[in-house]
Amino acid sequence: MPSPEDTMIDPTRTLGSLPPEQAAELERAGPVWGTDINRFRDLVVKLYSPLVAAAPKDGIAVARDLPYGDSARQVLDVFTPDGARDADVVVFVHGGAFIRGSKSSNGHIYDNVSYWFARQGMVAVNMEYRLAGEAPFPGGADDVAAAVSWLAGHVSAYGGNPRRMFLIGHSAGGTHVATYCFDPRRGYRPDPGVLGAVLVSARLQADTLPGNPNARAVEAYFGTDPARHETDSPMAYAAESDLPVMIAIAQYENPYLDLYGLEFCQRVARARGYVPRFVQMMRHNHTSIVAHFDSGEETLGREILDFFRSIA
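So that you can map any letter, position 279 of the sequence shown is 745 in our numbering, and since no number is skipped, the others follow by simple counting.
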């Protein structure tokens with residue numbers, strides 16, 4: 467039997483909010499994560515959902531499914547802490563390999579991300595976007611642009627400051643955020659109120675390599691032309707923006723995403739002459755890197771907050 471000390475939440479320890487036997491289960495899955503990403507993703511959601519469901523929700527008002535466009539998927543949720551006035555705004559863009567996923571997949575994940583940031587005093591937003599079948603490249607980035615534009619005109623009514631907005635994109639959501647922020651061909655630049663972006667386990671290079679379990683999903687969004695994969699990937703435009711950016715990867719990623727995160731960071735560093743903020747979350751995997759928010763573990767969240775606050 468574990469001692470009481472073994473079951474206490476340690477907010478500074480990766481996987482520290484999980485009971486030891488569950489943390490060990492995730493660590494066993496880590497080295498073989500890429501062999502069955504769907505099964506292991508479901509395991510992560512099963513382990514973390516009870517923890518984030520039990521986290522306090524009082525003092526946070528949630529306005530759900532606010533439309534920012536005409537599609538049924540062009541909706542967002544706004545989480546407002548009591549007393550918010552001119553608060554910083556954080557927008558979370560979920561993953562799903564371009565062909566699936568939702569802002570609240572089971573009522574807990576990814577609400578957990580917005581609840582955590584709202585409890586830190588920010589107005590937090592979870593946005594939905596159109597999937598590849600309805601809106602192939604650059605549809606996801608276009609939806610980020612549309613959501614940001616909507617927030618610029620409406621978030622003040624929810625206590626947020628439209629002049630201090632930050633974007634977080636996970637996995638495919640990181641692709642959409644990075645395209646919005648870095649690709650100069652899209653016909654828009656980030657709204658002046660967007661002060662920084664965090665790319666978490668993001669797909670920054672399109673590929674259909676044999677080891678990529680999401681190769682067909684990449685084709686569904688980017689198309690089947692390998693030349694387009696090169697020209698349309700965020701990697702090609704890493705040097706095109708001076709927007710403050712933070713990059714986070716997990717120790718156990720969907721194949722190649724950790725390598726792409728490193729390469730993107732290097733390209734940004736060479737263009738700017740300094741290394742942007744970069745974090746590798748040891749012991750975490752592609753899903754737990756976001757599923758752990760609001761579970762009691764706070765290492766990544768505190769690092770992101772510090773990044774936001776470093777931007778004047």
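C-beta atoms are modelled at their ideal positions from N, C-alpha and C, and glycine is treated no differently.
Keep in mind the model is a prediction, meaning the values are calculated, not measured.
Rounding to the nearest angstrom, what Cα-Cα distance links residue i and residue j in this structure?
i, j, result
"Ile770", "Leu709", "15 angstroms"
"Ser622", "Ala702", "35 angstroms"
"Asn504", "Ala495", "12 angstroms"
"Glu764", "Leu517", "13 angstroms"
"Ala686", "Gly659", "32 angstroms"
"Val731", "Leu766", "In the sequence as displayed, the identity of residue 731 is Cys instead of Val. Roughly 18 angstroms between the two C-alpha positions."
"Ser568", "Asn680", "17 angstroms"
"Met737", "Pro700", "The sequence given here has Ala at residue 737, not Met. Near 15 angstroms, if we compare the C-alpha coordinates of Pro700 and Ala737."
"Lys523", "Arg694", "44 angstroms"
"Ala778", "Arg743", "16 angstroms"
"Ala521", "Asp531", "22 angstroms"
"Asp649", "Glu706", "7 angstroms"
"Val741", "Ile715", "15 angstroms"
"Ile713", "Val579", "17 angstroms"
"His752", "Gly677", "16 angstroms"
"Leu513", "Leu484", "8 angstroms"
"Tyr726", "Arg669", "7 angstroms"
Let me see if you follow: with CB-CB separation under 8 angstroms, is residue i close to chain D or not?
i, result
"Ala638", "Absence of chain D from the displayed structure is noted, only one protein chain being present."
Using a Cβ-Cβ cutoff of less than 7 angstroms, which residues in the same chain neighbour residue i once the five nearest sequence positions on both sides are dropped?
i, result
"Met805", "With the chain covering 467 to 778 only, the question about residue 805 has no answer from this structure."
"Trp616", "Tyr534"
"Phe774", "Asp554, Phe632, Gly662"
"Asp548", "Gly525"
Return the bridge partner residues of residue i from the DSSP annotation.
i, result
"His636", "Val666"
"Tyr722", "BP columns for Tyr722 are empty, so no partner."
"Ala737", "Paired residues: none, contrary to the question."
Starting from residue i, follow the beta strand (DSSP E) in both directions and report where the run begins and ends.
i, result
"Val544", "541-547"
"His750", "743-751"
"Asp554", "553-559"
"Asp608", "Note, Asp608: premise wrong, no beta strand (DSSP E); alpha helix (DSSP H) at 605-620."
Leaving out the 5 sequence neighbours to the left and right, which residues in its chain are closer than 6 angstroms to residue i when beta-carbon positions are compared?
i, result
"Val589", "Thr546, Ala550, Ala553, Val555, Tyr624, Gly625, Gly626"
"Ser776", "none"
"Ala529", "Val544"
Report buried or exposed for residue i, applying the criterion of at least 16 other Cβ atoms within 10 angstroms of its Cβ.
i, result
"Pro692", "exposed"
"Ala683", "buried"
"Val745", "buried"
"Gly635", "buried"
"Val557", "buried"
Please report the residue range of the alpha helix (DSSP H) in which residue i lies.
i, result
"Val684", "681-688"
Short of 8 angstroms in beta carbon distance, which residues of its chain neighbour residue i, apart from the five on each side in sequence? Order them along the chain.
i, result
"Leu509", "Glu491, Leu492, Ala495"
"Thr501", "none"
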